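Numbering (my numbering), first residue to last: 257 to 354. Cβ atoms here follow ideal geometry from the backbone N, Cα and C, with glycine treated the same way. Because the structure is a prediction, the values reported are computed rather than measured. This report refers to the structure that appears directly beneath it.
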């Protein structure tokens, strides 16, 4: 990932984002442009999931719901996600400088 600049504030330009399935990043053979609706510029390309990848993702999600995450209440899940967001905000400079 590149550093943002005044002329190109998006560090993802030219990057193809993979799918995240069961904790694994997976690139498919097809991709599509992710377009910024404000200025029409391509932000990045995104891997397009085919039927097999979608099936894998659904199976992984079902397994996850049978695990610890699925046993949490909505309030407990929200509390954990807030903690993650707080930690990301605390390390914001680290994320944008990578």
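For residue 276, the enclosing beta strand (DSSP E) stretches over residues 275 to 277. In this chain, residue 304 is not harboured by any beta strand (DSSP E), its DSSP state being neither H nor E. No Cβ-Cβ contact shorter than 8 Å links residue 301 with residue 311. In the DSSP assignment, residue 291 falls within the beta strand (DSSP E) that extends over 287 to 291. The count of Cβ pairs closer than 8 Å, one atom from the segment 267 to 280 and one from the segment 291 to 306, reaches three, so the stretches are in contact. Nearest Cα to residue 305 within the set 294, 319, 340, 273: 273. In this structure, residue 326 lies away from residue 335, with their beta-carbon atoms at least 8 Å apart. For residue 340, the enclosing alpha helix (DSSP H) begins and ends at 330 to 346. Taken through DSSP and simplified to helix, strand or coil, residue 282 comes out as strand. CA-CA distance, residue 282 to residue 307, rounds to 14 Å.
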